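Novice: Have a look at the structure that comes next, please.
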Amino acid sequence: MKPKKIRKYPCVVQNFLNLTSRGQLREAVDTLPLLARKGFTLNSKTIASLIQQCANAKSIKDGTWVHLHLKVTGSKHPNRFLSNHLIHMYAKCGDHVKAREVFDKMRIRNLYSWNNMLSGYANLGMVKAAKRLFDRMPERDFVSWNTMVMAYVQSGWFDEALRFYMELRRLDIGFNEYSFAGVLTVCVKLRELWLAKQLHCQVFIVGFLSNVVLSSSIMDAYAKCGELGDARTLFDEMRVKDVLAWTTLVSAYAQGGHMKSAQEIFDSMPGKNSVSWTSLISGYAHHGLGHHALSSCLFACASIFSLEYGRQLHSHMIATGIRPNVVVMSSLIDMYSKCGSIEVAKKVFDTSRNKQHVVLWNTIISALAHHGCGKQAIKIFADMVRLGVKPNGVTFLVLLNACSHSGLVKEGLHLFELMMQDYNIVPDQEHYACLIDLLGRSGHFDEVINQLKRMPCEPDDRVWNALLGVCKIHENIDLGRIAARHLVELEARSPAAYLLLSAIYASLGRWESAQQVRQLMNKRHVEKDQAFSWLEIYRILRVDAKPN
Numbered sequence: 011m012k013p014k015k016i017r018k019y020p021c022v023v024q025n026f027l028n029l030t031s032r033g034q035l036r037e038a039v040d041t042l043p044l045l046a047r048k049g050f051t052l053n054s055k056t057i058a059s060l061i062q063q064c065a066n067a068k069s070i071k072d073g074t075w076v077h078l079h080l081k082v083t084g085s086k087h088p089n090r091f092l093s094n095h096l097i098h099m100y101a102k103c104g105d106h107v108k109a110r111e112v113f114d115k116m117r118i119r120n121l122y123s124w125n126n127m128l129s130g131y132a133n134l135g136m137v138k139a140a141k142r143l144f145d146r147m148p149e150r151d152f153v154s155w156n157t158m159v160m161a162y163v164q165s166g167w168f169d170e171a172l173r174f175y176m177e178l179r180r181l182d183i184g185f186n187e188y189s190f191a192g193v194l195t196v197c198v199k200l201r202e203l204w205l206a207k208q209l210h211c212q213v214f215i216v217g218f219l220s221n222v223v224l225s226s227s228i229m230d231a232y233a234k235c236g237e238l239g240d241a242r243t244l245f246d247e248m249r250v251k252d253v254l255a256w257t258t259l260v261s262a263y264a265q266g267g268h269m270k271s272a273q274e275i276f277d278s279m280p281g282k283n284s285v286s287w288t289s290l291i292s293g294y295a296h297h298g299l300g301h302h303a304l305s306s307c308l309f310a311c312a313s314i315f316s317l318e319y320g321r322q323l324h325s326h327m328i329a330t331g332i333r334p335n336v337v338v339m340s341s342l343i344d345m346y347s348k349c350g351s352i353e354v355a356k357k358v359f360d361t362s363r364n365k366q367h368v369v370l371w372n373t374i375i376s377a378l379a380h381h382g383c384g385k386q387a388i389k390i391f392a393d394m395v396r397l398g399v400k401p402n403g404v405t406f407l408v409l410l411n412a413c414s415h416s417g418l419v420k421e422g423l424h425l426f427e428l429m430m431q432d433y434n435i436v437p438d439q440e441h442y443a444c445l446i447d448l449l450g451r452s453g454h455f456d457e458v459i460n461q462l463k464r465m466p467c468e469p470d471d472r473v474w475n476a477l478l479g480v481c482k483i484h485e486n487i488d489l490g491r492i493a494a495r496h497l498v499e500l501e502a503r504s505p506a507a508y509l510l511l512s513a514i515y516a517s518l519g520r521w522e523s524a525q526q527v528r529q530l531m532n533k534r535h536v537e538k539d540q541a542f543s544w545l546e547i548y549r550i551l552r553v554d555a556k557p558n
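Per the working numbering, the sequence shown starts with residue 11, numbered consecutively.
Next up, the structure:
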């Protein structure tokens, strides 16, 4: 049937175009049956725009209706342009079966079609399916290889990711900035300093260091590998420093425990409260990099307890319509919690759209734990299970921590058993450290000893540190001496074990032994950090106000 011209149905068409331009997706899709009945066929560009809106909204229901409209109006086999949009939409909505059906029915595929389907599998974590498709591809470019590298990285297959990256460089088929992104993630995960240095050299040689996002990622890799000096050198050499570069450096010093330096860098950040900097973050968001920039900024705020700047970022997100993903929402909750606003953190969680992701639940439980709200944390866990979200090892770790800070021994022991029996999660050293802390804080030292004996492996420094901490609280010298001695034997870097063991020997009059512990500290270069605290003071009085 020959498509009818627009001028015959100006009201219907104009209404549809207005709805799509305003982003009213559901209303626009509801108009499609009327357009079909009147015999009007939309052009490919308009349909593609509508499919893209469905993908952005992750609305598979609306996307399916658009696809059905194509079939009803005589496009059982959409052209390559529309098929590629449909594949992207179905994959982004999580339906790899429908995406593959469209892909298989395509009469003519180009390299973009293959990469599109490959990216769909990769983003859904279907690495094996992606590899099978990759092997079938008639041709590949650096986008294909980049996609496989990121797929392996996201699935934790770091050796395969490195192998694919090295093969990409060997083939000499070209590369772009994203070619380095996945391998930098491997550097961070594996703490491989040699790899970070190699990548830094490669990025420098190909002339990509001017890319602020890539340079910031290298800075982050250096910091995570313990090389703050290299991270600072790279920062100082950067010709252009934007909000992402500054906050990456702040986060690096904060994660390394250098809070004074982190605060000084944050204070020296030019225009951090200006509209131009927050607009730059918005610009990152619209180019697909906003989530990384925002989470980095929010982490920096949390690290130095800057509630004021954190609020400004949150307000800017709302004002500019940025839709935060799970990572950014978790960063917001964490920022408000660490800055003392637990009620606001709970409101952010309550208003979160995607509550099917375990990371979001873990963050709010952890926030409640740090504020001593153990019973509320357990209630949140109950809501989580009721909604069908499966807890992981981190969930029970933060729950045990919450019980420990609230003295909920019975509840903590129940959760520890529940983790193993109902969810088949094998407790690791961190779980046992939390359990020891829970029991020890309440003075249940007999049960502490029993749990130490039941451990399937030898306790590490985390467990002994937990025991040492509770022994200090209850002044249990005998057990504390055992914990401290084990820590010293493990060559732990924490000064607490050495100082406590030295103090214990001194209290027993064994001055020679106490001196030997001090000498061992010097030999192993273990130093006691100076105590400090950070407070953000709000000026609620006028500057010119005089004291009474």
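The beta carbon of each residue, even a glycine, is placed where N, CA and C say it ideally should be.
Computed from a predicted model, the values in this text were never measured in an experiment.
Are the CB atoms of Leu-478 and Ala-493 within a distance shorter than 9 Å?
Specialist: Yes.
Novice: Does the distance from the CB of Gly-350 to the CB of Leu-317 come in under 9 Å?
Specialist: The answer is yes: Cβ separation under 9 Å.
Novice: In angstroms, rounded to a whole number, what distance separates the CA positions of Lys-48 and Asn-125?
Specialist: In a straight line, the C-alpha of Lys-48 is about 37 Å away from that of Asn-125.
Novice: His-79 and Ala-46 look like a contact to me (Cβ under 8 Å); what is the Cβ gap, rounded to whole Å?
Specialist: So it is a contact: roughly 6 Å between Cβ atoms.
Novice: Out of Ile-61, Cys-103, Ala-379 and Phe-168, which has the shortest C-alpha to C-alpha gap to Leu-418?
Specialist: Comparing Cα positions, the closest option is Ala-379.
Novice: Can you tell which of Leu-143, Cys-481 and Leu-42 has its C-alpha closest to the C-alpha of Ile-446?
Specialist: Checked all of Leu-143, Cys-481 and Leu-42; the closest Cα to Ile-446 is Cys-481.
Novice: Could you pull out every residue in the same chain whose Cβ sits closer than 6 Å to the Cβ of His-297, ignoring the five residues on either side in sequence?
Specialist: Any reading at His-297 is ruled out, since the residue's pLDDT is 47, under 50, leaving its predicted position unreliable.
Novice: Just the Cα atoms here: how many angstroms apart are His-415 and Gly-104?
Specialist: Going by the C-alpha atoms only, they are around 39 Å apart.
Novice: What separation, rounded to the nearest whole angstrom, lies between the Cα atoms of Ile-374 and Val-336?
Specialist: About 12 Å.
Novice: Is it the case that the Cβ atoms of Ile-70 and Met-99 are separated by a distance below 9 Å?
Specialist: Taking 9 Å as the Cβ cut-off, Ile-70 and Met-99 qualify as a contacting pair.
Novice: If I measure Cβ to Cβ from Phe-455 and keep anything under 6 Å in the same chain, skipping five residues before and after, which residues do I get?
Specialist: Answer for Phe-455: no residue qualifies.
Novice: Ordered along the chain, which non-local residues of its own chain (more than five positions away) have a Cβ less than 6 Å from that of Val-404?
Specialist: Taken in chain order, the residues that qualify are Asn-372.
Novice: With H, G and I counted as helix, E and B as strand and the rest as coil, what does DSSP make of Phe-245?
Specialist: Reduced to three states, the DSSP call for Phe-245 is helix.
Novice: On the DSSP letters alone, give me the boundaries of the alpha helix (DSSP H) that Met-176 sits inside.
Specialist: Taken as a continuous stretch (DSSP letters only), the alpha helix (DSSP H) holding Met-176 covers 168-181.
Novice: Under DSSP, the alpha helix (DSSP H) around Tyr-100 begins and ends at which residues?
Specialist: Unbroken alpha helix (DSSP H) run through Tyr-100: 90-102.
Novice: Note down the Cα distance separating Leu-178 from Phe-245, rounded to an integer number of angstroms.
Specialist: When rounded, the distance between both Cα atoms is 28 Å.
Novice: Indicate the three-state DSSP secondary structure (helix, strand or coil) for Lys-48 in the structure shown.
Specialist: Coil.
Novice: Would you give the residue range spanned by the alpha helix (DSSP H) that His-484 belongs to?
Specialist: Taken as a continuous stretch (DSSP letters only), the alpha helix (DSSP H) holding His-484 covers 471-484.
Novice: Measuring CA to CA, which of Glu-202, Cys-197, Tyr-175 and Leu-181 is closest to Ser-189?
Specialist: Of Glu-202, Cys-197, Tyr-175 and Leu-181, the residue nearest in Cα terms is Tyr-175.
Novice: Give me the Cα-Cα distance between Leu-299 and Gly-166, rounded to the nearest whole angstrom.
Specialist: Confidence at Leu-299 is low in this model, with a pLDDT of 48, below 50, so its placement is unreliable and the value that follows should be read with caution. Cα-Cα distance, rounded: 22 Å.
Novice: Looking only at C-alpha atoms, which of Lys-420, Arg-150, Gly-217 and Pro-466 sits nearest to Pro-437?
Specialist: That would be Pro-466, whose Cα lies nearest to the Cα of Pro-437.
Novice: Under a Cβ-count criterion, where at least 16 other Cβ atoms within 10 Å of its own Cβ denotes burial, should Ala-392 be classed as buried or exposed?
Specialist: Burial call: exposed.
Novice: Could you check how far apart the C-beta atoms of Leu-121 and Glu-149 are, in whole angstroms? I think they sit under 8 Å.
Specialist: Contact flag correct, Cβ pair sits at about 6 Å.
Novice: What residue does the alpha helix (DSSP H) around Val-458 start on, and which one ends it?
Specialist: Segment 455-464, the alpha helix (DSSP H) holding Val-458.
Novice: So, helix, strand or coil for Cys-413, using DSSP?
Specialist: Residue state, collapsed to three classes: helix.
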